[in-house]
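K.L.:
The sequence shown lines up with residues 1 to 319 when you count with full-length UniProt numbering. Backbone N, C-alpha and C define an ideal beta-carbon position, used for all residues, glycine too. Computed from a predicted structure; not experimentally measured. My questions all concern the structure below.
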Amino acid sequence: MKWLEYPYQYEGLDKTLERIQKKKTELDKLRPIPSYALQSIKESMTLEWTYNSNSIEGNTLTLQETKMVIEEGFTIKGKSLREHFEAVNHQDAILYVESLITENYVLTEKDILKVHELVLHKIEKEFAGRFRTSGVRISGANFVPPNALKVDEYITELIDWVNDSELDLIIKSAIFHHRFVWIHPFFDGNGRTVRLVFNLLLMQAGFPPAIILKNDRKKYYEALNQANNGDYSKLVLLVIQALERSVDIYLSSLNNTYDDYKPISNIVEEEKIPYGQEYLSLLARQGKIDAFKEGRNWLTTKEAVWDYIEKRDRKRKLD
């Protein structure tokens, strides 16, 4: 399993993991979350998850159209029947993933196949819930997936590893994500399926889902291609940023602190920060400050920025 030797470290990784774990501890202290609050957050997050995951694969429904299809059963003029089914199917698959979450859950091949079956329900009945039986090529990728005869063996190997490995869960979920995409076990629906299943691993441990945003599509594919070349660091960073964004949304919603997060440009202007917007945005992308992405903008808090500056100043004095 040469892929287990691929490097995944990047500058600041340990501090970022520590920060996320601290936030998860804060979130755990708020449990049990009142049902009315939980329902509101979950509805918003699952809608985002469905919209972004489908959009990455080329679905043209907007976020609002996705909401109308899922919640109201509307038909959107000018959109294909397949796009409507993709929205409904993904939402059904999320519900199935949530139903699997138990304290001692272990991932199984049966569950992966069921998730895939739900993703392709009423779209590609012939292939739904079945591993591919011939070779495939992926447009824009820098690799060729393995022979179809190897799929079952590789998936079994991956499942055994993810259930037994004591590697940090977040790192493990990112590695699982790449390895699944590399195996490419299905003719279609691999991306949506893996973004559901790797989140099953995170959610089973009490995290909210890590949602890869449509706006990060290019960065996402570049990270996967870098992993194909033997380096997991960009993918690990992307997964961590997506996960921290979700944790921040949960905490800010429950603590009514969402308003503390502002676009970096606003904070630079209001706080007279000694660094420019581009530099702070770079720190956010690198996971060095507490920040999350909304659309194309990075949001952070003035406390997070000043905390970084103070720590940097202390380090310089020690050096």
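What does the Cβ neighbour count give for Trp298, buried or exposed, with the cut at 16 atoms within 10 Å?
P.N.:
Counted from its first residue, the sequence shown places residue 298 at position 298. Label assigned to Trp298: buried.
K.L.:
DSSP puts Glu294 in a beta bridge; with which residues?
P.N.:
What you label residue 294 is simply residue 294 of the sequence shown in a count that begins at 1. Paired residues: Asn297.
K.L.:
Just grab the DSSP bridge partners of Lys262 for me.
P.N.:
Against the sequence shown, residue 262 aligns to sequence position 262. Partner(s): Thr300.
K.L.:
Can you tell me whether Thr102 is buried or exposed? The criterion is at least 16 other CB atoms within 10 Å of its CB, across all chains shown.
P.N.:
Your numbering for residue 102 matches position 102 in the sequence shown. It counts as exposed.
K.L.:
Please confirm whether Gln204 and Tyr105 have their CB atoms less than 8 Å apart.
P.N.:
One-based indexing of the sequence shown puts residue 204 at position 204. One-based indexing of the sequence shown puts residue 105 at position 105. Yes, these two residues count as a Cβ contact at 8 Å.
K.L.:
I need the boundaries of the alpha helix (DSSP H) containing His84, first residue and last residue.
P.N.:
Along the sequence shown, read from residue 1 onward, the residue named residue 84 stands at position 84. Its alpha helix (DSSP H) spans residues 81-100.
K.L.:
Take every Cβ of the region 232-252, pair it with every Cβ of the region 208-218, and state whether three or more of those distances are shorter than 8 Å.
P.N.:
yes
K.L.:
So, is Glu11 buried or exposed, given that buried needs 16 or more other C-beta atoms within 10 angstroms?
P.N.:
Reading the sequence shown from its first residue, position 11 is the one you call residue 11. Glu11 is exposed by the Cβ-count criterion.
K.L.:
Hey, how far is the Cα of Glu72 from the Cα of Glu48?
P.N.:
Counting from one through the sequence shown, the residue named residue 72 turns up at place 72. Counting from one through the sequence shown, the residue named residue 48 turns up at place 48. Roughly 16 Å between the two C-alpha positions.
K.L.:
Measure the beta-carbon distance from Asn142 to His90 and round it to whole angstroms, keeping in mind my assumption that it falls under 8 Å.
P.N.:
As a first step, residue 142 must be located in the sequence shown, where it is residue number 142. As a first step, residue 90 must be located in the sequence shown, where it is residue number 90. With a Cβ gap of about 27 Å, Asn142 and His90 do not count as contacting.
K.L.:
Should Leu17 and Ile94 be called a contact, given that it needs their Cβ atoms to be closer than 8 Å?
P.N.:
Here residue 17 refers to the residue found at position 17 of the sequence shown. Here residue 94 refers to the residue found at position 94 of the sequence shown. No, these two residues do not count as a Cβ contact at 8 Å.
K.L.:
Under a Cβ-count criterion, where at least 16 other Cβ atoms within 10 Å of its own Cβ denotes burial, should Arg82 be classed as buried or exposed?
P.N.:
In the sequence shown, residue 82 corresponds to position 82, counting from 1. Answer is exposed; the Cβ neighbour count stays below 16.
K.L.:
Do the region 150-168 and the region 217-237 touch if we need at least three Cβ pairs shorter than 8 Å?
P.N.:
Using a C-beta cut-off of 8 Å, the region 150-168 makes no contact with the region 217-237, since fewer than three inter-stretch Cβ pairs fall below that distance.
K.L.:
For a test of the three-state rule: what should DSSP assign to Met203, helix, strand or coil?
P.N.:
As a first step, residue 203 is located in the sequence shown; it is residue number 203 there, counting from the start. Three-state result, Met203: helix.
K.L.:
Could you give the DSSP three-state label for Tyr8: helix, strand or coil?
P.N.:
Here residue 8 corresponds to residue number 8 of the sequence shown, with the count starting at 1. Coil, per DSSP.
K.L.:
Over the uninterrupted alpha helix (DSSP H) stretch that includes His177, give me the two end residues.
P.N.:
As a working mapping, residue 177 is identified with position 177 in the sequence shown. Per DSSP, His177 belongs to the alpha helix (DSSP H) from 169-183.
K.L.:
Just checking, does the region 258-271 make contact with the region 287-304 on the three C-beta pairs under 8 Å criterion?
P.N.:
yes
K.L.:
Is the region 178-187 close to the region 121-140, with three or more CB pairs under 8 Å?
P.N.:
Under the Cβ criterion (8 Å, minimum of three pairs), the region 178-187 counts as touching the region 121-140.
K.L.:
Using the three-state DSSP reduction, which class does residue 337 fall into: helix, strand or coil?
P.N.:
One cannot answer for residue 337 here, as it falls past the ends of the chain, which runs 1 to 319.
K.L.:
Quick one: Cα of Asn163 to Cα of Leu169, how far?
P.N.:
Taking the sequence shown and counting its residues from 1, one reaches residue 163 at position 163. Taking the sequence shown and counting its residues from 1, one reaches residue 169 at position 169. Rounded to whole angstroms, Asn163 and Leu169 show a C-alpha spacing of 10 Å.
K.L.:
Quick one: what's got a C-beta closer than 6 Å to Val239's C-beta in the same chain, skipping five residues either side?
P.N.:
The sequence position of residue 239 within the sequence shown is 239, counting from 1. Around Val239: Ala174, Ala210.
K.L.:
Rounded to whole angstroms, what's the CA-CA distance from Gln9 to Lys77? Just pull it up for me.
P.N.:
The sequence position of residue 9 within the sequence shown is 9, counting from 1. The sequence position of residue 77 within the sequence shown is 77, counting from 1. Looking at the two C-alpha atoms, the distance is approximately 47 Å.
K.L.:
Can you grab the Cα-Cα spacing for the pair Asp260 / Ser253, in whole Å?
P.N.:
By 1-based counting over the sequence shown, the position of residue 260 is 260. By 1-based counting over the sequence shown, the position of residue 253 is 253. Distance between the alpha carbons of Asp260 and Ser253: 11 Å.
K.L.:
Looking at Ile112: is its Cβ nearer than 8 Å to the Cβ of Pro145?
P.N.:
On the sequence shown, residue 112 is found 112 positions in, with the first residue counted as 1. On the sequence shown, residue 145 is found 145 positions in, with the first residue counted as 1. In this structure, Ile112 lies away from Pro145, with their beta-carbon atoms at least 8 Å apart.
K.L.:
DSSP state of Leu213, grouped into three classes?
P.N.:
For the purposes of this step, residue 213 is taken as the residue at position 213 of the sequence shown. Coil at Leu213, not helix or strand.
K.L.:
Do you know whose CA, among His178, Glu109, Glu126, Thr46, lies nearest Asp231's CA?
P.N.:
As a first step, residue 231 must be located in the sequence shown, where it is residue number 231. For the residues His178, Glu109, Glu126, Thr46, the minimum Cα distance to Asp231 belongs to His178.
K.L.:
Using alpha carbons as the reference points, say which of Pro274, Ser233, Phe292, Leu213 lies closest to Arg312.
P.N.:
Reading the sequence shown from its first residue, position 312 is the one you call residue 312. Measuring from the Cα of Arg312, the nearest candidate turns out to be Pro274.
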